[in-house]
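Going down the list, the sequences are from chains A and B. First residue of the first sequence? That's 0 in numbering that gives the first Met the number 0, and the numbers climb one at a time after it. First residue of the second sequence? That's 0 in numbering that gives the first Met the number 0, and the numbers climb one at a time after it.
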Amino acid sequence: MSELSVNHLLGIKYLKEDDVQLIFQTADQFKEVINRPIKKVPSLRDITIANLFFENSTRTKLSFELAEKRLSADVVNFSESQSSVKKGETLIDTVQNILSMKVDMVVMRHPSPGAPIFLSKHIDASVVNAGDGTHEHPTQALLDCYSIRERLGDVAGKKVVIVGDVLHSRVALSNIFALKLLGAEVKVCGPKTLLPKHIESLGVGVESNLKKALEWCDVANMLRVQNERMVTSYFPSTREYAMQYGLTMDILRDLSKEIVIMHPGPINRGVEITSEVADSNYAIILDQVENGVAVRMAVMYLLASKIKR
Amino acid sequence: MSQKELLSARELQITIRRLAYQLIENHGDFIDTILIGIQPRGKMLAKRLAHILQNDYHIPKITIGYLDITFYRDDFRRSAKPIEANSTEIDFVVENKKVVFIDDVLYTGRSIRAALTAVQDFGRPAQIELLILIDRRFSRHLPIQPDYCGRQVDAINEEHVVVSWSEIEGQDAVFLENQ
């Protein structure tokens, strides 16, 4: 297989296993490219990409922009705070206006779940979801799985626990879909208030004790507590959360085997993970960031190859 | 589909040996020379040449790499069949070296054009030469000609030159196929 089965990357839910493997194989080649003295290939030199960020982001936005520039695409950036959205323009109007300027691909982050799906039905350009509310964040899940594959050889058969604020996390949902698709076993771990009801229906296990979850797993993906999305109190205090679900070096040393620690960033040091753990050899947090560029290059390269003129 | 044998296993062997000898005439001890096989099909030829140079002509050190040109092609999105990327393995400096591109078949010249662009990302070679096993004459789209050529053939567009390697296809031979 050498072509994606989809024209947009809206979520992992819409991908087949072959799609993910193709993205990984292509990302392998781009990883070699971004480690060269000249980190740039001319593949997308006739493609224009608009980055529409209706929600704040540093890592994802930079990563997408670097990936686009290393593919030689032309890039335009948009962020809501400096735009006409404040004047009452609708999403479709905003995007149609941008597309009138001959844009081929749209990378969008939006606070409303489903916004990219809605957009893909109304416009001609390829849409890449860079995070839609609490729904999906497909490129993050792809780079997480790619990093697991890089560190442990394969994703299939590995045991992965996703710890923390699963309720508000688009990273968690996309990761669950991607890990299951690739044949990993998944558990979620966190306070009951931060785990969605009926999460078992996605085929994942639930564990409320952090130590037990870590003893079971090969990889722990530590999520950030998303205070900005919380409208009510989900746990008594940050300190109590850190006591119960914060990952410390003492916990890691007590385990019977060495596990891999991941974090999608940004890290709340001292809450879900201590500085000592985040900076240790257990953590592959910075590898995730490097792989993010290669994986996003692969996604946009493969989607662009489907644009016919 | 009809198939005609252009080179038998023995003829292929003799041809590669001759190409190796021609390389020695120009590159001597290969100290400043780098062989680069163009992925995917130039890799086998580059390996065979390196093997002959080292074992039969006792050249102590041959530097060999493989270059994938997928991301540099000018037919991206224009070809009916999507192209799969292969790996680039160049872990040495090409700056001021004499580079020899190695590929199995030279047809339109577009792959070599892409390879010329691609290799620049690794530095500025002193010189670049082109070694080709089969040259399809009179079918070039670009002004690119080989410096070393195993065999010239005249083939029409519907015809296809296929180089088969014993390591991959189980047989050493070159065929002209008509689809």
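Think of the CB as a built atom: it goes at the ideal place given N, C-alpha and C, for glycine as much as any other residue. Just so you know, these numbers come straight off a predicted model, no measurement behind them.
- Apart from the 5 residues on each side of it in sequence, D67(B) sits with its Cβ closer than 7 Å to the Cβ of Q38, A84, N85, S86, T87 in its chain, given in chain order.
- Across the structure, Y233(A) and Y240(A) are spaced so that their CA atoms are roughly 10 Å apart.
- With its beta carbon less than 9 Å from one in chain B, Q24(A) belongs to the interface.
- Proximity of I35(B) to chain A, defined by a Cβ-Cβ separation below 9 Å, is not satisfied.
- Counting every other CB atom within 10 Å of its CB across the protein chains shown gives N96(A) a total below 16, marking it as exposed.
- Here E135(A) carries a coil assignment [DSSP, helix/strand/coil].
- For a cut-off of 8 Å, the C-beta gap from A172(B) to A8(B) is around 6 Å, short enough to register as a contact.
- With contacts defined by Cβ atoms closer than 9 Å, N220(A) and N280(A) do not form a contacting pair.
- Per DSSP, the unbroken beta strand (DSSP E) holding T62(B) starts and ends at 62 to 66.
- Neighbourhood of D120(B) in chain A, by CB distance below 9 Å: V32, R35, P36, I37, K38, K39, V40, in chain order.
- Under the three-state reduction of DSSP output, L178(A) falls in the helix class.
- The Cβ-Cβ distance between I283(A) and I260(A) falls below 9 Å.
- Secondary structure note for Y13(A): it is in no alpha helix (DSSP H), with a DSSP letter that is neither H nor E.
- Contact annotation: H136(A) and V170(A) have beta-carbon atoms nearer than 9 Å.
- The beta carbon of D67(B) falls within 9 Å of a beta carbon belonging to chain A, placing the residue at that interface.
- By the CB criterion at 9 Å, L52(B) and I23(B) fall inside the cutoff.
- Residue H159(B) holds the alpha-carbon nearest to the alpha-carbon of Q178(B) among L34(B), A49(B), H159(B).
- Taking 8 Å as the upper bound for CB-CB distance, L5(B) and F121(B) are not in contact here, some 33 Å apart.
- The beta carbon of S304(A) sits closer than 9 Å to some beta carbon of chain B.
- The region 176 to 195 of chain A makes contact with the region 143 to 161 of chain A; the number of CB pairs closer than 8 Å reaches 3 or more.
- Taking a beta-carbon distance threshold of 9 Å, Q20(A) does not count as an interface residue toward chain B.
- Comparing C-alpha distances from N50(A) to each of D17(A), V74(A), R44(A) shows the shortest one belongs to V74(A).
- For A125(B), there are no C-beta contacts with chain A under 7 Å, since the nearest C-beta of that chain is about 17 Å from it.
- With 16 or more other Cβ atoms inside 10 Å of its own Cβ, V32(A) counts as buried.
- Residues of the region 90 to 115 of chain B whose Cβ lies closer than 8 Å to any Cβ of chain A: none.
- When Cβ-Cβ separations below 9 Å define contact, R76(B) makes contact with chain A.
- For S110(B), the enclosing alpha helix (DSSP H) starts and ends at 109 to 119.
- The beta carbon of I63(B) sits no closer than 9 Å to any beta carbon of chain A.
- The beta carbon of F70(B) sits closer than 6 Å to no other beta carbon from its chain once the five residues preceding and following it are set aside.
- The beta carbon of S168(A) lies closer than 6 Å to those of L222 in the same chain, with the five residues before and after it left out.
- When the five nearest sequence neighbours on each side are left out, the beta carbons in the same chain lying within less than 7 Å of the beta carbon of S119(A) are those of H7, L9, V126, in order along the chain.
- Per DSSP, the continuous alpha helix (DSSP H) segment holding G41(B) begins and ends at 41 to 54.
- Of the other Cβ atoms in all chains shown, 16 or more fall within 10 Å of the Cβ of A177(A); this residue is therefore buried.
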